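Enquirer: When you read off a place in the sequence shown, starting at 1, and then add 28, the result is the number in our numbering.
Positions of the beta carbon are idealized from the N, C-alpha and C atoms, including for glycine.
Because the structure is a prediction, the values reported are computed rather than measured.
What follows is a single structure, and I will ask about it in a moment.
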Amino acid sequence: MVRADLEKDPVEVAAMFDEVALGYDRTRARLWLGRMNSWGRRMAQAADARPGRRILDVAAGTGTSGMALTARGASVVACDFSEGMLAIGRRRHPGMEFVVGDGHRLPFADDSFDAVTISFGLRNVTDPESVLGEMLRVTRPGGVLTVCEFSLPVTPVRRALFTAYLRWIVPMTGRRVSSNPEAYVYLAESIRDWPSPDRLAGRVAAAGWQRVRWRPLDGGVVHLHTAVAGPSGGRQVAAAADAGTAVGAGAERSAGSAG
Numbered sequence: 029m030v031r032a033d034l035e036k037d038p039v040e041v042a043a044m045f046d047e048v049a050l051g052y053d054r055t056r057a058r059l060w061l062g063r064m065n066s067w068g069r070r071m072a073q074a075a076d077a078r079p080g081r082r083i084l085d086v087a088a089g090t091g092t093s094g095m096a097l098t099a100r101g102a103s104v105v106a107c108d109f110s111e112g113m114l115a116i117g118r119r120r121h122p123g124m125e126f127v128v129g130d131g132h133r134l135p136f137a138d139d140s141f142d143a144v145t146i147s148f149g150l151r152n153v154t155d156p157e158s159v160l161g162e163m164l165r166v167t168r169p170g171g172v173l174t175v176c177e178f179s180l181p182v183t184p185v186r187r188a189l190f191t192a193y194l195r196w197i198v199p200m201t202g203r204r205v206s207s208n209p210e211a212y213v214y215l216a217e218s219i220r221d222w223p224s225p226d227r228l229a230g231r232v233a234a235a236g237w238q239r240v241r242w243r244p245l246d247g248g249v250v251h252l253h254t255a256v257a258g259p260s261g262g263r264q265v266a267a268a269a270d271a272g273t274a275v276g277a278g279a280e281r282s283a284g285s286a287g
């Protein structure tokens, strides 16, 4: 069985997702108690998905995350480096465009999309800032970024409960229902290893995005980050001072959100 380690070797990660592709959506729905649909709707709303908008969904897997975008009328391109996941997606969602591609080198021209999204995939890349920069490059000026990702809750009780869930329930569920249980050990470890929401916001700003914001969902087990491409889109990285201002604004928004 293939299991990617936290060094995020692209070949190992792709092979791991290829192996679990067929039952991936079913297992994920069980692990997260059906909450993926709710998180997807929040992501689609933040991305301003609507008719006439062309949206790139990076690390799209089987296209489940893109369904929330198409449900609001947007035209969606689903991009992923796992051909196994995309093959499942093409069969299940014939109305969605699927493209094989590495987030570090997206196969699209500059300023191609009105919005870019990535849901629960940024943890799995080798260089998150590089991927965020590529997503900026292909986004039109004024376009929106949304990053939906797991996180450890801030409050001690919720943090302890979620950490226990990751340590015991996620691997146990993987052993019962997945063709590759080791993939779900990696899943739990990668979530525990992931930076806090404010540190992730710093990475988003460092990649050149502006007006970085974030808010917790479901008590902080997930955070939704948003940002905007500046007037030059992906052609000019924001200055360090601007990045600092963006992160400060994000922290203020996070502190005032109800989750």
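Can you list, in chain order, the residues of its chain with a C-beta nearer than 6 Å to that of residue 136? Leave out the 5 residues immediately preceding and following it.
Expert: Closer than 6 Å at the Cβ level, and outside the excluded window around residue 136, lie 166.
Enquirer: Would a check of beta-carbon distances place residue 215 closer than 8 Å to chain B?
Expert: Although the question refers to chain B, the structure presented lacks it and comprises just one protein chain.
Enquirer: Please go through the same chain and pick out, in chain order, the residues whose beta-carbon is closer than 7 Å to the beta-carbon of residue 161, but skip the five residues on each side of it.
Expert: Result list for residue 161: 235, 236, in chain order.
Enquirer: Assuming residue 239 contacts residue 256 under a Cβ cut-off of 8 Å, what Cβ separation, rounded to an integer in Å, is found between them?
Expert: Residue 239 to residue 256, Cβ: 5 Å. Contact.
Enquirer: In its own chain, which residues sit with a C-beta less than 6 Å from the C-beta of residue 37, not counting the 5 before and 5 after it?
Expert: Excluding residues within five positions, none has a Cβ falling inside 6 Å.
Enquirer: Only counting the same chain, and skipping five residues up and downstream in sequence, which positions put a Cβ closer than 8 Å to that of residue 184?
Expert: Taken in chain order, the list of residues that qualify is empty.
Enquirer: Residues in the same chain with beta-carbon distance under 6 Å from residue 225, minus the five sequence neighbours each way, listed in chain order, please.
Expert: 179, 242, 251, listed in sequence order.
Enquirer: Would you say residue 174 and residue 145 are within 8 Å of each other, going by their C-beta atoms?
Expert: In contact: residue 174 and residue 145 (Cβ atoms closer than 8 Å).
Enquirer: Does the Cβ of residue 39 have 16 or more other Cβ atoms within 10 Å, making it buried, or fewer, making it exposed?
Expert: It is exposed - the Cβ of residue 39 has fewer than 16 other Cβ atoms within 10 Å.
Enquirer: Compare the Cα-Cα distances from residue 142 to each of 92, 131, 254, 84 and report the closest residue.
Expert: It is 84 whose Cα lies nearest to the Cα of residue 142.
Enquirer: Helix, strand or coil for residue 78 per DSSP?
Expert: In the structure shown, residue 78 sits in coil (DSSP, three-state: anything other than H, G, I, E or B).
Enquirer: Given a threshold of 16 other Cβ atoms within 10 Å of its Cβ, counted over all protein chains shown, does residue 276 qualify as buried or as exposed?
Expert: Residue placement at residue 276 is flagged as unreliable, the pLDDT there being 38, under the threshold of 50; the coordinate-derived value follows with that caveat. So residue 276 ends up on the exposed side.
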